[in-house]
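First up is the structure itself, then whatever we jot down about it.
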Amino acid sequence: MKTAMHRLYEPAAAPGRPRLPGRRFAHCAVWGLVALAMLLLPLCFPGGFAIALLSQMGIMIVFALSYNMLLGQCGMLSFGHAVYSGLGAFVAAHVLNRIGAGELWLPVSLLPLAGGLGGALFGVLFGYVTTRKSGTTFAMITLGIGEMVYSSSLMFPGFFGGEGGISTDRVVGNAVLGVTYGPGRQVYYLIAAWCLLSMIAMYAWTQTPLGRIANAVRDNPERTEFIGYDTQRVRYLVMILSAFFAGISGGLSAINFEIVTAENVGAVHSGGVLLATFIGGSGFFFGPVIGAVLYVLFAVALSSLTHAWLLYLGLFFVLMVMFVPGGVASLVMKQAPLAAERKLGRMLPSYAAALGAGLVLLAALILTVELTYKLQIDNDSGTIVALAGLGLDAASFKSWAGAAALWLAGALGWRAALGRVHRAWDEVQAEMTGGRT
Amino acid sequence: MEFFVISLLNGISYGLLLFLLSSGLTLIFSMMGVLNFAHASFYMLGAYFAYAIAARIGFWPALVLAPLLLVAVGALVERFGLRTVHKYGHVAELLFTFGLAYLIEEAVKLAWGLSTVPYHIPPELDGPLFHVFASPFPKYRAFMMLVSVSMLAAIYLVLTRTRIGLVIQAALTHPQMVEALGHNVQRVFMLVFAGGAALAGLAGVIGGNAFVTAPSMAASVGTIVFVVVVLGGMGSLGGAFIASLLIGLLQTFAVAIDASPADLLGAFGLHVTSATPLSSVWNLTLSQMAPVLPYLLMVAMLIVRPRGLMGTREG
Chain A
43 MKTAMHRLYE PAAAPGRPRL PGRRFAHCAV WGLVALAMLL LPLCFPGGFA IALLSQMGIM
103 IVFALSYNML LGQCGMLSFG HAVYSGLGAF VAAHVLNRIG AGELWLPVSL LPLAGGLGGA
163 LFGVLFGYVT TRKSGTTFAM ITLGIGEMVY SSSLMFPGFF GGEGGISTDR VVGNAVLGVT
223 YGPGRQVYYL IAAWCLLSMI AMYAWTQTPL GRIANAVRDN PERTEFIGYD TQRVRYLVMI
283 LSAFFAGISG GLSAINFEIV TAENVGAVHS GGVLLATFIG GSGFFFGPVI GAVLYVLFAV
343 ALSSLTHAWL LYLGLFFVLM VMFVPGGVAS LVMKQAPLAA ERKLGRMLPS YAAALGAGLV
403 LLAALILTVE LTYKLQIDND SGTIVALAGL GLDAASFKSW AGAAALWLAG ALGWRAALGR
463 VHRAWDEVQA EMTGGRT
Chain B
78 MEFFVISLLN GISYGLLLFL LSSGLTLIFS MMGVLNFAHA SFYMLGAYFA YAIAARIGFW
138 PALVLAPLLL VAVGALVERF GLRTVHKYGH VAELLFTFGL AYLIEEAVKL AWGLSTVPYH
198 IPPELDGPLF HVFASPFPKY RAFMMLVSVS MLAAIYLVLT RTRIGLVIQA ALTHPQMVEA
258 LGHNVQRVFM LVFAGGAALA GLAGVIGGNA FVTAPSMAAS VGTIVFVVVV LGGMGSLGGA
318 FIASLLIGLL QTFAVAIDAS PADLLGAFGL HVTSATPLSS VWNLTLSQMA PVLPYLLMVA
378 MLIVRPRGLM GTREG
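Chains as they are written, first to last, in the numbering used here: chain A, 43 to 479; chain B, 78 to 392.
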């Protein structure tokens with residue numbers, strides 16, 4: 043198990059490189075670019091749907107990064123991380139309601155902090171039990187704790203609000219500098235600011251001694267014990283910190299949606315963050331960011347187009363686990379040495395071929411799934427499926443034959459393209475190593 | 078007394094069903110180190126296959142055919158899925174089965190729709206078997222117990238008395254040695270995985286019509302089965318057996334008992350009012366707490382005895 047973990051989870055950042063001033067400048071430049079992108083994105087996509095999408099991406103990024111503190115940095119696979127973000131969201135919603143009633147004074151801008159503290163509190167509580175074990179047993183216990191919190195949500199209607207959840211109103215108190223958090227755009231900028239802060243804080247954490255020893259616990263717990271660290275204690279501390287950031291994302295979601303229900307602590311949410319983190323790539327710090335963006339695109343944008351979005355997401359996830367265990371980030375990072383040697387251009391034709399074949403396969407899959415879906419579930423309104431401007435009859439033989447033809451063409455094309463990618467890759471690699479030795 | 082006997086019988090039949098599920102999971106875990114998240118999905122597939130088969134050629138063929146189909150499904154999953162990700166380690170295997178659970182649930186929704194399907198108890202098993210005072214004990218419950226117990230006896234005999242059972246047992250602890258002796262351990266793994274899937278499928282066939290056959294059935298049973306495995310100790314069949322019965326009895330009894338800690342305190346002359354701190358906790362009745370009890374039990378077990386009832390000590 044240990045040796046296998048090495049391959050899956052490469053260290054998140056190259057350790058021990060000398061801190062040159064140029065490197066620090068590069069860091070500042072990267073964070074500056076991220077901040078600029080966050081600032082400009084809503085100006086490029088000013089629609090209400092786009093703003094809502096961007097807000098959810100920001101929330102998910104914080105959540106996925108906090109999850110990766112466990113999975114990527116400390117090697118703890120949790121199936122119940124939504125517990126901390128969800129309970130943080132409940133705490134934040136209660137605090138917001140108290141503020142609204144005038145019993146408490148806290149600017150709404152600082153509300154995510156309340157969520158974070160709430161999450162950390164439950165992290166202290168549940169983490170004590172869960173982090174006593176590691177590996178597979180830890181995974182199962184987190185699953186059990188998640189289920190316990192979810193099923194107890196109906197038992198404590200005072201805190202969880204029963205079936206309907208807790209609703210709240212983010213427009214409270216006096217406007218500070220004209221900011222009321224009424225319009226979605228103001229909420230987006232609040233989320234973006236917290237997202238950026240949390241990202242920087244979590245990145246900085248990976249550079250601290252605790253972050254480093256967490257990596258050691260992930261890679262070889264036995265050796266870590268020998269050099270005098272208590273692995274259980276390290277796991278516990280990481281869990282509390284991770285729960286804190288998860289709570290921040292919960293607080294942000296309470297502000298964004300103005301309602302928190304038992305679903306927020308549920309297994310679907312916990313599974314979602316695991317999927318997002320893994321798809322993005324848990325081995326790299328920025329992997330979960332990619333994963334969070336992709337996940338929100340799947341969950342929000344795709345779910346408004348098709349009911350079978352979870353099938354597509356699940357299939358994507360399984361294929362990633364089987365063939366690209368490092369996630370999207372590892373695919374990107376594999377290209378970095380090539381780009382540095384200016385050989386990426388050589389790979390592009392074969393990549394384009396693979397992309398083309400992949401698209402044909404995707405079309406085949408979508409056609410099959412949507413036709414099946416129409417026939418089996420959604421057949422009240424006839425059997426016509428509208429896909430890409432075409433009206434296809436799910437009951438006719440022609441549509442199914444088309445799907446079969448697409449499958450065949452896609453599969454053949456994929457095999458040929460994959461061979462091409464491999465050949466080009468080997469050639470380029472041989473040139474690069476050949477040049478040096 | 079009447080309540081006690083009926084609850085006891087119901088609890089045992091539910092516990093045996095849980096063991097049918099958790100035995101496959103435990104065998105797969107102790108053999109391959111894979112925690113199969115899709116195990117409850119196999120249970121669901123079993124119920125749906127049985128529903129589809131029973132609608133055409135009747136319940137009795139379904140009882141045999143559905144588990145056989147699951148053998149095929151399990152073998153395919155092992156051969157083309159797990160074996161591919163095996164080289165990436167246990168976490169990848171775990172994640173693969175986790176994703177597979179999503180896929181199976183969505184596929185079931187595609188094939189049979191989003192709502193509950195009418196998978197009924199066959200008419201010859203419908204009705205009460207005997208009465209305990211005034212309460213009836215259904216025939217079907219007895220049938221479930223019969224199937225579970227005979228299946229468990231069969232597994233026990235296969236594992237301890239046959240050649241292939243001995244090879245499986247040896248491969249559990251010393252896979253390399255078994256391989257060196259000329260056995261195909263990969264194929265043994267496939268066999269165990271397929272067998273575990275078939276056991277889960279059989280549980281689905283007999284459990285699906287006793288409870289409910291819907292796309293959500295995998296998620297509702299899945300976590301309970303994991304609790305059973307943790308409680309009993311990872312990889313211990315005996316522990317899983319005790320834990321299954323314990324959880325089965327606990328859930329059956331708890332649902333029916335309408336008492337709260339406040340009532341207990343009341344018996345000692347301490348009365349809980351709305352002014353008492355944490356009054357909402359004191360006033361929870363046992364039946365309200367029933368869904369949480371298995372998880373509470375698991376947490377308590379982990380604090381007191383982290384390796385479970387009969388698990389071996391680790392690290």
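Cβ atoms here follow ideal geometry from the backbone N, Cα and C, with glycine treated the same way.
Against chain B, which members of the stretch 143-170 of chain A pass a CB distance test of less than 7 Å?
none
Enumerate in chain order the residues of its own chain whose CB-to-CB distance from T45 of chain A is below 8 Å, with the five nearest sequence positions on each side excluded.
Residue mapping note: residue 45 of chain A aligns to position 3 of the first sequence, counting from 1. At T45 of chain A the pLDDT is 39, less than 50, meaning the model places this residue with poor confidence and gives no usable figure here.
With 16 other CB atoms within 10 Å as the buried threshold, where does G476 of chain A fall?
In the first sequence, the residue the question calls residue 476 of chain A occupies position 434. By the 10 Å Cβ count, G476 of chain A comes out exposed.
List the endpoints of the continuous beta strand (DSSP E) containing P215 of chain B.
Position 138 of the second sequence, counted from the start, is the residue given in the question as residue 215 of chain B. 212-215 is the extent of the beta strand (DSSP E) around P215 of chain B.
So N298 of chain A packs on S108 of chain A, CB below 8 Å; how close in whole Å?
In the first sequence, residue 298 of chain A corresponds to position 256, counting from 1. In the first sequence, residue 108 of chain A corresponds to position 66, counting from 1. 17 Å between Cβ atoms; not a contact.
C-beta atoms of W456 of chain A and A406 of chain A nearer than 7 Å:
Counting from 1 along the first sequence, the entry for residue 456 of chain A is found at position 414. Counting from 1 along the first sequence, the entry for residue 406 of chain A is found at position 364. In this structure, A406 of chain A does not lie closer than 7 Å to W456 of chain A by Cβ.
Close Cβ partners of A291 of chain B (< 8 Å) along its chain, the five nearest in sequence each way excluded
For this step, residue 291 of chain B is matched to residue 214 along the second sequence. Here the set comprises S192, T193, V194.
Within chain A, partners of M311 of chain B - CB distance below 9 Å
Stepping through the second sequence from its first residue, residue 311 of chain B is reached at position 234. Simply T178, T179, M182.
Nonlocal neighbours in the same chain, by C-beta distance under 6 Å from A271 of chain B, ignoring five residues either side
Position 194 of the second sequence, counted from the first residue, corresponds to residue 271 of chain B. Correct list, in chain order: V148, G151, A152.
Beta-carbon gap between A178 of chain B and A115 of chain B smaller than 7 Å:
Along the second sequence, read from residue 1 onward, the residue named residue 178 of chain B stands at position 101. Along the second sequence, read from residue 1 onward, the residue named residue 115 of chain B stands at position 38. Yes. Within cutoff.
Once DSSP output is grouped into helix, strand and coil, what is the label at P391 of chain A?
For the purposes of this step, residue 391 of chain A is taken as the residue at position 349 of the first sequence. It is helical.
Kindly confirm or deny that the stretch 284-296 of chain A and the stretch 176-191 of chain A touch, where touching means at least three C-beta pairs closer than 8 Å.
no
Scan the stretch 299-364 of chain A and note each continuous alpha helix (DSSP H) run of 4 residues or more that stays entirely inside, going in chain order.
309-322, 329-338
Contact with chain A by G388 of chain B, beta-carbon distance below 7 Å:
Here the question's residue 388 of chain B lines up with position 311 in the second sequence. Closer than 7 Å: no.
In angstroms with no decimal places, state the Cα-to-Cα distance between L374 of chain B and M109 of chain B.
Looking up residue 374 of chain B in the second sequence gives position 297. Looking up residue 109 of chain B in the second sequence gives position 32. Approximately 27 Å between the Cα atoms of the pair.
Could you tell me whether the Cβ of M109 of chain B comes closer than 7 Å to any Cβ of chain A?
By 1-based counting over the second sequence, the position of residue 109 of chain B is 32. Answer no: the Cβ-Cβ gap between M109 of chain B and chain A never drops below 7 Å.
Using beta carbons (cut-off 7 Å, strictly below), is F210 of chain B in contact with chain A?
Within the second sequence, residue 210 of chain B is the residue found at index 133, counting from 1. With 7 Å as the cut-off, F210 of chain B does not count as an interface residue toward chain A.
What is the DSSP secondary structure of L206 of chain B, reduced to helix, strand or coil?
Counting from one through the second sequence, the residue named residue 206 of chain B turns up at place 129. Here L206 of chain B sits in strand by DSSP.
Expressed to the nearest angstrom, what Euclidean distance is found between the alpha-carbon atoms of P474 of chain A and Y245 of chain A?
Your numbering for residue 474 of chain A matches position 432 in the first sequence. Your numbering for residue 245 of chain A matches position 203 in the first sequence. A small fix is needed here, since residue 474 of chain A is Met in this sequence, not Pro. Distance between the alpha carbons of M474 of chain A and Y245 of chain A: 32 Å.
What does T414 of chain A touch in chain B if you count any residue whose Cβ is under 7 Å from its own?
Mapped onto the first sequence, residue 414 of chain A falls at position 372. Those are L187, listed as they occur along chain B.
Using a Cβ-Cβ distance cut-off of 7 Å, determine whether V262 of chain B contacts chain A.
Walking along the second sequence from the start, residue 262 of chain B turns up at place 185. Taking Cβ atoms only, chain A never reaches closer than 7 Å to V262 of chain B, which makes this a no.
In three-state DSSP terms, what is V82 of chain B?
The residue given as residue 82 of chain B occupies position 5 in the second sequence. V82 of chain B: helix per DSSP, three-state reduction.
Would you call L355 of chain A buried or exposed, if buried means 16 or more other Cβ atoms sit within 10 Å of its Cβ?
For the purposes of this step, residue 355 of chain A is taken as the residue at position 313 of the first sequence. Buried: at least 16 other Cβ atoms inside 10 Å.
Who are the neighbours of V367 of chain A on chain B, taking C-beta pairs under 8 Å?
To locate residue 367 of chain A, count along the first sequence from 1; it is residue 325. Per the sequence shown, residue 367 of chain A should be read as Pro rather than Val. Under the 8 Å cutoff, chain B gives V162, Y165, A169.
Does any residue of chain B bring its CB to less than 7 Å from the CB of E473 of chain A?
One-based indexing of the first sequence puts residue 473 of chain A at position 431. Judged by the 7 Å Cβ criterion, E473 of chain A is not in contact with chain B.
Is the beta carbon of G130 of chain A less than 7 Å from the beta carbon of G292 of chain A?
Your numbering for residue 130 of chain A matches position 88 in the first sequence. Your numbering for residue 292 of chain A matches position 250 in the first sequence. Their beta carbons are under 7 Å apart, which means G130 of chain A touches G292 of chain A by this criterion.
Would M375 of chain B pass as an interface residue toward chain A - the criterion being a Cβ-Cβ separation below 7 Å?
As a working mapping, residue 375 of chain B is identified with position 298 in the second sequence. Taking Cβ atoms only, chain A reaches closer than 7 Å to M375 of chain B, which makes this a yes.
Using DSSP bridges, identify the partner residues of I208 of chain A.
Position 166 of the first sequence, counting from 1, holds the residue named residue 208 of chain A. Partner(s): A:V302.
Amino acids of chain B, ordered along the chain, whose beta-carbon sits closer than 7 Å to that of R174 of chain A:
Counting from 1 along the first sequence, the entry for residue 174 of chain A is found at position 132. Neighbours of R174 of chain A on chain B, chain order: L379, P383.
Can you give me the C-alpha to C-alpha distance between T174 of chain B and R66 of chain A, rounded to a whole angstrom?
Your numbering for residue 174 of chain B matches position 97 in the second sequence. Your numbering for residue 66 of chain A matches position 24 in the first sequence. Going by the C-alpha atoms only, they are around 42 Å apart.
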